[in-house]
Amino acid sequence: MKLDGTIVECNKKAEEWLGYDRSEIIGKNYLQLSEILSESQPEITERYKKISQGESPEPFDMQVSKKDGSAWINSYLSFFQLENEKYFLVILKDITERKIAEQELQESKEQFERAYGHETFSKDLFTHDINNILQSILTSLEIINLKTDSVEDPHNIKPILKIINDQVYRGKSLVNNIHKFSQLEESEVNFQKIDLEKTILEAIKYVKKNFKNKEISIQFESPKERIYIQANKLLKDVFENILINAVKHNDNPNIEIVIETTKLQEDGNFFWQIEFIDNGRGIPEAKRKSIFTRGFKEDRSVSGMGLGLSLVKTITDKYNTKILVESRVPEDYLKGTNFKLLFPEVE
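What follows is the structure in structure tokens.
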């Protein structure tokens, strides 16, 4: 782009993404592209002035109008000289997915605060987690912006893009968990007959799919008889969150999880005990009750467990199901954890 704001070149990717032909962009002043930049022209003009005055403004987010709808981009403007003529270089990154995730997170935060009025939770947990997620995304985007001109091999950017994807996944998981909290508080559980084996296998599949970069071995021997319990569709969330906890809080190169089912009898009633046994870093006995508390983060060795395991406890309480946390090796909690759930048997 020339110093007067006239666009002299754009690459094929920009054409394809915006949905406009070169003839609709090249030769025009950016102020003439109101159909594309209507929401962001004041911000662009301000940045344009700063660069003209020798300043180096930071990358910024702006909303644009593609031919197929509105989108968000992160824009980086720099000043360079080519064959004795000065130009502006504008680098655009699609951040629509990130912006949608931010909006969903904000809406869920507001919904949660309306439903519970928990200021402490909002300030200490949600704000902390969301700030970490978004800061990680922002830092990654800034690194990409800095490397765009110098990176010849696009594979060098892949690890940074993976960080962004992981953080978006974290954000979405947080939104989903808060939404489920809201559902649990607002309505009674409609119990139904749930196939235990099928639900466990679905949870295993979900966790392996979302942690492809880790070496995970999950051993689960299908019980000889079909097991049914009284629950609802949130039972899968219970199993998923316990498995995710076992994966995330494990420093071993090979993560090992064993799932065992045992039939027990107590006072003439039959129960099914489900055990999730991992080789993670373990939980000291003094901390075991606290891990089910929303926002728990007293100790770095068990931090970050709060929301996922809080959801597990909330759901199992609705089911009137017992949940116990023990060490895999009784004498040494550092050898791993054993989560036990006790469900009444259903004929």
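In terms of the numbering used here, the sequence shown is residues 1 to 347. We treat Cβ as the ideally placed atom computed from N, Cα and C, and that holds for glycine.
- Assignment of alpha helix (DSSP H) within the stretch 195-250, counting only whole runs of 4 or more residues, yields 196-210 and 235-248 in chain order.
- In this structure, ILE277 lies near VAL258, with their beta-carbon atoms less than 9 angstroms apart.
- The stretch 24-100 is shown to contain whole alpha helix (DSSP H) runs of 4 or more residues at 34-37 and 41-52, in chain order.
- Distances from the alpha-carbon of THR6 to those of GLY19, GLU16, GLU24 and GLU104 put GLU24 closest.
- DSSP places LEU18 in the uninterrupted alpha helix (DSSP H) bounded by 12-18.
- Contact check for LYS340 against GLN273 passes: the beta carbons are separated by less than 9 angstroms.
- Beta-bridge partners assigned by DSSP to PRO344: PHE271.
- When SER222, GLU110 and ILE163 are compared, the shortest CA-CA separation from SER136 is found for ILE163.
- Residue burial is scored here from C-beta neighbours: PRO59 has at least 16 other C-beta atoms within 10 angstroms and is therefore classed as buried.
- Residue burial annotation: LEU235 is buried, with at least 16 other C-beta atoms found within 10 angstroms of its C-beta.
- Counting the other Cβ atoms within 10 Å of the Cβ of GLU240 gives 16 or more, which makes it buried.
- Between GLU110 and GLY171, the C-beta gap is not smaller than 9 angstroms, which leaves the two residues out of contact.
- The beta carbon of ASN254 lies closer than 6 angstroms to those of GLU215 in the same chain, with the five residues before and after it left out.
- Closest by C-alpha distance to ASP267, out of ASN250, PRO344, GLN230 and TYR30, is PRO344.
- Listed in chain order, the non-local C-beta contacts of LYS66 below 6 angstroms within the same chain comprise LEU18 and GLY19, local neighbours out to five positions each way being set aside.
- Annotation: ASN252 is outside any beta strand (DSSP E) and is labelled neither H nor E by DSSP.
- For LYS322, the enclosing beta strand (DSSP E) covers residues 322-329.
- The Cβ-Cβ distance between ILE204 and PHE220 falls below 9 angstroms.
- Taking a contact as a CB-CB distance under 8 angstroms, the pair VAL189 and LYS13 does not count as one, their CB atoms being some 49 angstroms apart.
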